[in-house]
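> Using this note's numbering, you'd call the opening residue of the sequence shown number 3 and step up by one each time.
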Amino acid sequence: MKILLDGMGGDHAPDAIVEGAILAAKEIKDEIVLIGKQDALEESIKKYGYEGAQIGIVNASEVIENEESPVRAVRRKKNSSIVVGMEMLKNGEGDVFISAGSTGALLAGSLLLIGRIEGIDRPAIATIYPVIGSEPSILIDTGANAECKAKNLLDFGIMGSVYLEKVLNRENPTVGLVNNGTESNKGTALTKEAHRLLADSRLNFIGNVESRDLQDAVCDVIVTDGFTGNVIIKLTEGMGLMVLRELKKRFLSNTKAKLGAMLLKDQLQKIKSEFDYVEYGGAPILGVRGAVLKMHGSSNSTAVKQTILKAVPYVEGEVIGTIEEFVKEYGEVVTA
3 MKILLDGMGG DHAPDAIVEG AILAAKEIKD EIVLIGKQDA LEESIKKYGY EGAQIGIVNA
63 SEVIENEESP VRAVRRKKNS SIVVGMEMLK NGEGDVFISA GSTGALLAGS LLLIGRIEGI
123 DRPAIATIYP VIGSEPSILI DTGANAECKA KNLLDFGIMG SVYLEKVLNR ENPTVGLVNN
183 GTESNKGTAL TKEAHRLLAD SRLNFIGNVE SRDLQDAVCD VIVTDGFTGN VIIKLTEGMG
243 LMVLRELKKR FLSNTKAKLG AMLLKDQLQK IKSEFDYVEY GGAPILGVRG AVLKMHGSSN
303 STAVKQTILK AVPYVEGEVI GTIEEFVKEY GEVVTA
C-alpha cells in the first residue's frame with residue numbers, strides 16, 4: 003500500500019507531519035509519500051534523523067491556505083500539495099490521501115478531481131465521537147454540508163454504517179438521527195422525512211436521538227447535517243477541555259486535593275485520552291471514489307501517526323466498494 007501524505011497542511015507542518023510519518027513507519031511496512039515543498043520536507047526529515055527508504059517525497063511548490071476560496075484554489079494552484087496528492091490518488095499512484103490542510107479545499111478537490119460515488123449526492127465527513135465507557139460512535143456529517151435533503155441524511159447513515167463495519171469491526175451498527183426529541187413526529191420537515199427514509203431502509207435504525215444522550219452509547223452511527231454536526235463536535239471538544247481545566251484547577255488548589263489527584267492520576271489520564279481527538283486520528287471524507295482522510299488542523303505528530311495507522315484498515319476494508327454495492331443494492335430506497 004502507498005500512503006500519500008500532505009506535508010504542508012495544518013498548523014504545525016511540516017515538522018509534525020514528518021515526525022508523524024516517521025512514527026508510523028516504525029509500526030507499518032507500507033510506503034509513505036510526503037507531498038510538499040521538497041527543501042522544507044528534506045530539512046525536516048534530516049532534523050528527525052530519519053535515513054530509511056520507506057518514506058519518500060514528491061515535490062509540490064504551492065500551498066492552499068485556509069483563507070482562500072476552495073474551488074478557485076484547487077483550480078488555480080495545480081502544483082499545491084492538496085491538488086498533487088489528489089491527482090496522484092486519482093491516477094492510481096497511491097491508495098489513500100491524508101491532509102490536515104483546508105477542509106474546503108479537500109472537499110472541493112475530492113469532488114472536482116476524484117468524483118462522487120454513483121448514487122451519493124453529497125460526500126460527508128465522518129468523525130469519531132467519544133462515548134463514556136464504551137466504544138466510540140461515528141458522527142456524520144461534521145462539516146461538509148451545511149444544508150441537506152432527507153436523501154442525503156439517508157446516505158450518511160449508509161456510509162457511516164459501512165465504515166463502522168469495515169474499519170472498526172462493528173457488526174450491524176445502530177443508526178440514530180439527531181433531533182430535538184425521540185418521538186418520530188418531532189423535528190423539522192427535513193428530519194421527519196429523513197426519519198421515514200431511514201426507517202424504511204435496511205439499516206439498523208433505532209429512531210431519533212437527542213444530543214444530551216450522544217455520549218451514553220445511544221447509537222453507533224449518529225446522523226445529522228454538517229452544520230449541526232460541526233456544532234456538536236466543537237461543543238463536545240470545548241466542554242471536555244473546560245471540565246479538564248476545572249479539574250486541574252481544583253486538584254491543585256490545596257495539599258489534600260493534590261494527594262487525591264495523585265491517587266486518581268491513571269483514571270484521569272484514561273478519561274482524557276477517551277476525549278482526545280489526537281488518539282482517534284483523522285476523519286474520512288465518505289462518498290467519493292477515493293480514500294481521503296482529513297486531519298484536525300492542529301494535529302500533532304501523534305495524531306498524524308494515528309491517522310496513517312487508521313488509513314490501512316480503511317483501504318484494506320474496501321469501504322468505498324462496499325458503499326457502492328450497498329447503494330446499488332438498495333437503490334430504490336436511496337433514490338426515493
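Glycine is no exception: its CB is placed at the ideal position from the N, C-alpha and C atoms.
(1) I want to know whether the region 162-169 touches the region 241-252 - three or more CB-CB distances under 8 Å.
(2) Mark S300 as exposed unless 16 or more other C-beta atoms lie within 10 angstroms of its C-beta, in which case mark it buried.
(3) What is the C-beta distance between V321 and S112, in whole angstroms, given that I count them as a contact (C-beta under 8 Å)?
(4) When we look at the beta-carbon of L266 and count the other beta-carbons within 10 Å, is it buried (16 or more) or exposed?
(5) Are the beta-carbon atoms belonging to D227 and L205 less than 9 Å from one another?
(6) Opposite Y131 in the DSSP bridges: which residues?
(7) Does the separation of the CB atoms of V85 and A62 fall below 9 Å?
(8) Grab me the residues of I19's own chain with a C-beta within less than 6 Å of its C-beta, minus the 5 sequence neighbours each way, in chain order.
(9) Tell me which same chain residues have a C-beta within less than 8 Å of the C-beta of A263, skipping the five on either side of it?
(10) Which residues does DSSP pair with D8 in a beta bridge?
(11) Does the beta-carbon distance from I57 to L36 come in below 9 Å?
(12) Using beta-carbon positions only, say whether I59 and Q40 come within less than 9 Å of one another.
(13) Contact defined as beta carbons within less than 8 Å: I believe G87 pairs with S101. What is the distance between those atoms, to the nearest angstrom?
(14) Which one or two residues does DSSP pair with K296 in a beta bridge?
(15) Taking P125 and V290 to be in contact with their CB atoms under 8 Å, please state how far apart those CB atoms are, rounded to whole angstroms.
(16) Find out if the Cβ-Cβ distance for the pair A313, K296 is shorter than 9 Å.
(17) Here's a check: name, in chain order, each residue in its chain whose Cβ is nearer than 8 Å to the Cβ of L200, leaving out the five neighbours to either side.
(18) Going along the chain, which residues of its own chain have a beta-carbon closer than 8 Å to the beta-carbon of G96, five neighbours each way excluded?
(19) Among E45, E69, V164, which residue has its Cα nearest to the Cα of G12?
(20) Excluding the five sequence neighbours on either side, which residues of its own chain have a C-beta within less than 8 Å of the C-beta of K274, listed in chain order?
(21) Which residues bound the alpha helix (DSSP H) around L237?
(22) By DSSP, does L266 sit in helix, in strand, or in coil?
(23) Specify the secondary structure class of V336 as computed by DSSP and reduced to three states.
(24) How many angstroms separate the CA atom of E326 from the CA atom of A27?
(25) Quick check on L216: buried or exposed, where buried means 16 or more other Cβ atoms within 10 Å of its Cβ?
(26) Which of helix, strand or coil does DSSP assign to V20?
(27) Does DSSP classify N1 as helix, strand or coil?
(28) Once you ignore the five residues that flank E334 on each side, which residues in its own chain have a CB closer than 8 Å to its CB?
(29) For Y50, is the classification buried or exposed, using 16 other Cβ atoms within 10 angstroms of its Cβ as the cut-off for buried?
(30) Express the C-alpha separation of I234 and G347 in angstroms, rounding to a whole number.
(31) Got a sec? Which residues, its chain only, sit under 7 Å from T230 by beta carbon, not counting five neighbours each side?
(32) Tell me the residue span of the beta strand (DSSP E) that contains G209.
(33) If you drop the 5 nearest sequence neighbours on each side, which residues of the same chain put their C-beta closer than 6 Å to that of S186?
(34) State the beta-bridge partners of S112 as determined by DSSP.
A quick look at the data gives this:
(1) no
(2) exposed
(3) The pair is not a contact, with the Cβ atoms about 14 Å apart (cut-off 8 Å).
(4) exposed
(5) For D227 and L205, no; Cβs fall outside 9 Å.
(6) S139
(7) yes
(8) Apart from the 5 residues on each side of it in sequence, I19 sits with its Cβ closer than 6 Å to the Cβ of G9, V306 in its chain, given in chain order.
(9) So the qualifying residues of the chain are F253, L254, L270.
(10) I37
(11) yes
(12) Cβ distance < 9 Å, so I59 and Q40 count as in contact.
(13) Sure, about 7 Å apart at Cβ, within 8 Å.
(14) DSSP lists S101, A285 as the bridge partner or partners of K296.
(15) 5 Å
(16) no
(17) Contacts found: L155, L156, G159, V177, L179, F207, V225.
(18) Spatial neighbours of G96 in its own chain (CB-CB distance under 8 Å, excluding positions within 5 residues in sequence) are listed in chain order as K4, I5, L6, V35, G87, M90.
(19) E69
(20) L246
(21) Where L237 is concerned, the enclosing alpha helix (DSSP H) starts and stops at 228-253.
(22) coil
(23) For V336, the pLDDT reaches just 44, beneath the cut-off of 50, and the residue's location in the model is therefore unreliable, leaving the point undetermined.
(24) 31 Å
(25) Buried: at least 16 other Cβ atoms inside 10 Å.
(26) helix
(27) Nothing can be reported for residue 1, as the shown portion of the chain is limited to 3 through 338.
(28) Note that E334 scores 43 on pLDDT, short of 50, meaning its location in the model is unreliable; the coordinates nonetheless yield the value given after this. Cβ within range, chain order: n/a, list empty.
(29) exposed
(30) Residue 347 lies beyond the residue range present for the chain, which begins at 3 and ends at 338; the question has no answer from this structure.
(31) Taking T230 as the centre and dropping the five residues before and after it, the same chain places the C-beta of V180 closer than 7 Å to its C-beta, in chain order.
(32) 206-211
(33) H197
(34) S112 is not bridged to any residue.
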